[in-house]
Amino acid sequence: MDIDDDEYEELRQLDQLRSDNRVLNAWLTIQRSEFPGWAEQAPGTWDFSLDSLARLEDLIRDRYATTEQADQDEGGDFLQTASWYVGEVHNRHFGTVWQFHPDSVEITGAWPFVTVPFDRLFEFPDEDGIEPDNRPLYTPVKRLCGILVPDNGHLAADPDIYTPIDADT
86 MDIDDDEYEE LRQLDQLRSD NRVLNAWLTI QRSEFPGWAE QAPGTWDFSL DSLARLEDLI
146 RDRYATTEQA DQDEGGDFLQ TASWYVGEVH NRHFGTVWQF HPDSVEITGA WPFVTVPFDR
206 LFEFPDEDGI EPDNRPLYTP VKRLCGILVP DNGHLAADPD IYTPIDADT
């Protein structure tokens, strides 16, 4: 999809709003401050390595027997800090950034997510030509609940979404 200068500027402003706002910044501050206590209660080394994602997945599976249990706790301190950790692993290894639209606080089940930076916008074209911004959005808390669904993949494979599909293949 080709976009004109006005559409591009509108997308850039939306991206800027979602990247830097009081709601997101407050959430990030809370999770960052909660992390040391969370890490003390969770066995293992929490070093933001890719290998730690498998350990976190095991921790989630040990803590919640069903997706429903995890879904009920998705706004709780444990899953919120765990989701911050997952997002930080992605950010540190794949150059993603946190985003959250401040108006989304009114929407039940809306949580901060990570995506590739705006300067990579055109690396992710919409095959149907409908969406001008087709960058992958990854919502860690939803994914942590989702790994409890059988055959729903593993956290360690999730970063593959940040690799654009080569138009030549």
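Going left to right, the sequence shown walks through residues 86 to 254 as the working numbering numbers them.
Ideal placement from N, C-alpha and C gives every residue a C-beta, glycine not left out.
By alpha-carbon positions, which one of the options ends up nearest to residue i?
i	options	result
S134	V108, E173, Q154	E173
L138	I246, T248, P235, L229	L229
G194	D156, P217, D213	D156
D75	Q154, Y170, Y149	There is no way to answer for residue 75, as the model of the chain reaches only from 86 to 254.
A121	N237, E212, T166, T151	In the sequence under discussion, the amino acid at residue 121 is Pro, which differs from the Ala named in the question. Of N237, E212, T166, T151, the residue nearest in Cα terms is T166.
R205	E212, F179, G214, S189	F179
A162	W123, V190, I192	For the record, residue 162 in the displayed sequence is Asp; it is not Ala. Closest by alpha carbon: W123.
R107	P210, S189, F209	S189
I250	P210, R148, I192, E191	P210
Y149	L240, H239, V234, G238	V234
D89	E212, L240, F207	F207
A68	R140, E212, T151	Outside the shown range of the chain, which is 86 to 254, sits residue 68, and nothing can be said about it.
With 16 other CB atoms within 10 Å as the buried threshold, where does residue i fall?
i	result
S118	exposed
R146	exposed
T248	exposed
Q98	exposed
Q32	The structure shown does not extend to residue 32, since the chain spans only 86 to 254, so no value can be given for it.
P197	buried
D100	buried
D236	exposed
T181	buried
D245	exposed
Q116	buried
H175	buried
R103	buried
D243	buried
D253	Confidence at D253 is low in this model, with a pLDDT of 47, below 50, so the placement of that residue is unreliable and no value is reported for it.
D105	exposed
Inspect the beta-carbon positions of residue i and residue j and report whether they are closer than 7 Å.
i	j	result
V226	L144	no
E142	I232	yes
P217	E94	no
Is the segment 193-203 touching the segment 219-228, taking contact as three or more C-beta pairs under 8 Å?
yes
Do three or more CB pairs link the segment 177-189 to the segment 99-113 at distances below 8 Å?
Contact between the segment 177-189 and the segment 99-113 is present, because at least three Cβ pairs lie under 8 Å.
Which runs of the beta strand (DSSP E) fall wholly inside the segment 107-174 and span at least 3 residues, in chain order?
none
In chain order, which continuous runs of the alpha helix (DSSP H) of length 4 or greater are located wholly inside the segment 177-232?
Complete alpha helix (DSSP H) runs here, min 4: 225-231.
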